[in-house]
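The block underneath contains the structure these notes are about, expressed in structure tokens.
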């Protein structure tokens with residue numbers, strides 16, 4: 028069924044949004060293989076983002092933990108994360124559709140910064156919605172968005188985090204759909220967003236596989252953090268047809284108690300969130316539950332529908348890492364390799380360190396989805 032990954036996905040939105048989504052689907056399907064669009068995107072990817080990002084062998088960490096650890100360095104992209112891959116592609120789509128304004132939601136601020144950046148690049152009006160709690164804990168990115176000329180709308184509803192910012196952005200889009208494109212930052216939302224964002228982020232996996240091909244082998248395992256799940260889908264796309272083990276690491280937060288974590292698959296069940304059917308954390312009576320993660324980018328009650336499907340097929344193993352273990356990994360990579368990772372990415376690193384016996388002597392690729400400048404000023 029169109030727009031579904033097995034039982035997950037779809038387009039569950041107000042009627043006012045259906046024409047915009049259908050236009051977006053048409054433009055995406057027409058342009059994704061269009062030579063001129065691909066040439067434009069490739070040029071910006073190389074000369075503006077700085078792609079391809081390298082795969083780095085973390086020798087000191089590998090020696091300490093007995094695991095061959097490789098890092099896909101998305102933190103080296105312009106704006107400091109994988110988010111720019113998707114935003115620059117959707118901004119190009121916005122120009123092709125003739126719209127003049129873009130909006131976005133952001134948790135960690137990396138998607139907001141990437142959206143504000145491409146708005147400046149292409150001369151588009153830009154509004155970014157961010158929960159007030161997230162804005163307080165990611166101040167460096169708040170300052171960068173303002174410097175880049177974006178209008179920042181702080182959201183004080185609910186838990187004042189990513190879920191509430193997404194709700195506010197959806198409300199804006201419903202009112203202004205004629206001239207506004209909503210750049211959703213993850214593989215979540217109504218069709219065609221999950222498919223489209225995954226397509227634009229699949230460059231991570233293609234590049235990583237090409238890097239390993241040059242080395243003459245493939246990794247035994249690929250590990251990535253998951254909130255909505257865009258960096259994870261991006262790198263998994265390069266290895267789904269191999270025998271590599273794939274791991275998506277959810278935010279285990281403080282405990283398994285409701286409100287203490289953000290494990291959509293680990294503790295959630297199927298329902299509708301932000302326009303699609305997927306796994307989400309719910310209360311006993313079926314309401315969207317409050318969630319928690321030390322990483323603002325993972326502090327979200329749902330996960331992309333393709334992840335829900337991959338969980339059901341068993342192709343990807345989804346597991347958790349607690350806040351304290353992510354913080355340990357954050358400091359460990361900084362002190363052993365001179366790389367400060369985003370606290371989001373630190374969940375993937377922590378999973379490998381905590382499971383060093385399982386991965387002992389094996390080649391493990393971790394997607395370093397972003398850099399940790401935004402987190403280094405926090406007391407973690």
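Numbering (my numbering), first residue to last: 28 to 407.
We treat Cβ as the ideally placed atom computed from N, Cα and C, and that holds for glycine.
Alpha carbon to alpha carbon, how far is residue i from residue j?
{"i": "residue 74", "j": "residue 104", "result": "11 Å"}
{"i": "residue 71", "j": "residue 191", "result": "32 Å"}
{"i": "residue 164", "j": "residue 243", "result": "42 Å"}
{"i": "residue 351", "j": "residue 378", "result": "12 Å"}
{"i": "residue 310", "j": "residue 90", "result": "44 Å"}
{"i": "residue 402", "j": "residue 323", "result": "10 Å"}
{"i": "residue 63", "j": "residue 102", "result": "28 Å"}
{"i": "residue 392", "j": "residue 202", "result": "43 Å"}
{"i": "residue 35", "j": "residue 246", "result": "29 Å"}
{"i": "residue 167", "j": "residue 28", "result": "43 Å"}
{"i": "residue 120", "j": "residue 54", "result": "7 Å"}
{"i": "residue 291", "j": "residue 241", "result": "36 Å"}
{"i": "residue 300", "j": "residue 185", "result": "15 Å"}
{"i": "residue 171", "j": "residue 135", "result": "12 Å"}
{"i": "residue 83", "j": "residue 43", "result": "47 Å"}
{"i": "residue 32", "j": "residue 100", "result": "29 Å"}
{"i": "residue 228", "j": "residue 267", "result": "14 Å"}
{"i": "residue 122", "j": "residue 59", "result": "14 Å"}
{"i": "residue 161", "j": "residue 187", "result": "7 Å"}
{"i": "residue 195", "j": "residue 130", "result": "10 Å"}
{"i": "residue 404", "j": "residue 68", "result": "34 Å"}
{"i": "residue 226", "j": "residue 65", "result": "12 Å"}
What would DSSP say about residue i, mapped onto helix, strand or coil?
{"i": "residue 144", "result": "helix"}
{"i": "residue 152", "result": "strand"}
{"i": "residue 327", "result": "coil"}
{"i": "residue 73", "result": "helix"}
{"i": "residue 207", "result": "strand"}
{"i": "residue 258", "result": "helix"}
{"i": "residue 398", "result": "strand"}
{"i": "residue 38", "result": "coil"}
{"i": "residue 244", "result": "coil"}
{"i": "residue 220", "result": "helix"}
{"i": "residue 187", "result": "coil"}
{"i": "residue 269", "result": "coil"}
{"i": "residue 132", "result": "strand"}
{"i": "residue 215", "result": "coil"}
{"i": "residue 139", "result": "helix"}
{"i": "residue 108", "result": "strand"}
{"i": "residue 315", "result": "strand"}
{"i": "residue 193", "result": "helix"}
{"i": "residue 234", "result": "helix"}
{"i": "residue 101", "result": "helix"}
{"i": "residue 391", "result": "strand"}
{"i": "residue 404", "result": "coil"}
{"i": "residue 253", "result": "coil"}
{"i": "residue 28", "result": "coil"}
{"i": "residue 321", "result": "coil"}
So, under 8 Å CB-CB, residue i and residue j are touching, yes? Tell me the CB distance rounded to an integer number of Å.
{"i": "residue 252", "j": "residue 325", "result": "6 Å"}
{"i": "residue 40", "j": "residue 302", "result": "5 Å"}
{"i": "residue 230", "j": "residue 56", "result": "Contact flag wrong, Cβ pair sits at about 18 Å."}
{"i": "residue 388", "j": "residue 93", "result": "7 Å"}
{"i": "residue 132", "j": "residue 156", "result": "5 Å"}
{"i": "residue 359", "j": "residue 85", "result": "Actually they are not in contact, since the Cβ atoms of residue 359 and residue 85 sit about 10 Å apart, beyond 8 Å."}
{"i": "residue 320", "j": "residue 289", "result": "5 Å"}
{"i": "residue 304", "j": "residue 37", "result": "5 Å"}
{"i": "residue 5", "j": "residue 145", "result": "Any question about residue 5 goes unanswered here, given that the chain covers just 28 to 407."}
{"i": "residue 307", "j": "residue 349", "result": "Not a contact, Cβ separation roughly 20 Å."}
Please report the residue range of the beta strand (DSSP E) in which residue i lies.
{"i": "residue 346", "result": "343-349"}
{"i": "residue 366", "result": "Run containing residue 366: none; DSSP gives neither H nor E here."}
{"i": "residue 285", "result": "Segment: none, residue 285 is in no beta strand (DSSP E) and carries neither H nor E."}
{"i": "residue 178", "result": "178-182"}
{"i": "residue 87", "result": "That residue, residue 87, is in no beta strand (DSSP E); its alpha helix (DSSP H) goes 86-92."}
{"i": "residue 298", "result": "296-300"}
{"i": "residue 304", "result": "303-307"}
With residue i as the anchor, note down where its alpha helix (DSSP H) starts and where it stops.
{"i": "residue 339", "result": "332-340"}
{"i": "residue 280", "result": "Unbroken run through residue 280 is the beta strand (DSSP E), 272-280; no alpha helix (DSSP H)."}
{"i": "residue 289", "result": "First-last for residue 289: undefined, no H or E at that position."}
{"i": "residue 379", "result": "370-381"}
{"i": "residue 47", "result": "45-58"}
{"i": "residue 174", "result": "166-174"}
The ligand ADP and residue i: does any heavy atom of the ligand fall closer than 7 Å to the residue's C-beta?
{"i": "residue 313", "result": "Absence of the ligand ADP from the depicted structure is noted, as is the absence of any ligand whatsoever, leaving it without description."}
Taking contact to mean 3 or more Cβ pairs, one atom from each stretch, closer than 8 Å, check whether the stretch 119-135 and the stretch 205-216 are in contact. yes
Counting pairs of beta carbons, one from the stretch 389-403 and one from the stretch 359-371, are three or more of them closer than 8 Å? yes
Per the contact definition of three or more C-beta pairs closer than 8 Å, is the stretch 235-250 in contact with the stretch 270-288? Under the Cβ criterion (8 Å, minimum of three pairs), the stretch 270-288 counts as touching the stretch 235-250.
Using 8 Å as the threshold, is the stretch 45-58 in touch with the stretch 234-241, meaning 3 or more CB pairs across them? By the Cβ rule, the stretch 45-58 does not count as touching the stretch 234-241, because fewer than three pairs are nearer than 8 Å.
Does the pairing of the stretch 76-87 with the stretch 326-339 give three or more beta-carbon distances under 8 Å? No, because fewer than three Cβ pairs between the stretch 76-87 and the stretch 326-339 fall closer than 8 Å, the two stretches do not touch.
Segment contact flag, the stretch 256-263 with the stretch 210-229, C-beta cutoff 8 Å, min 3 pairs: yes
Is there contact here, the stretch 175-187 with the stretch 217-227, by at least three beta-carbon pairs under 8 Å? no
Any contact of the stretch 312-320 with the stretch 280-298, i.e. 3+ C-beta pairs under 8 Å? yes
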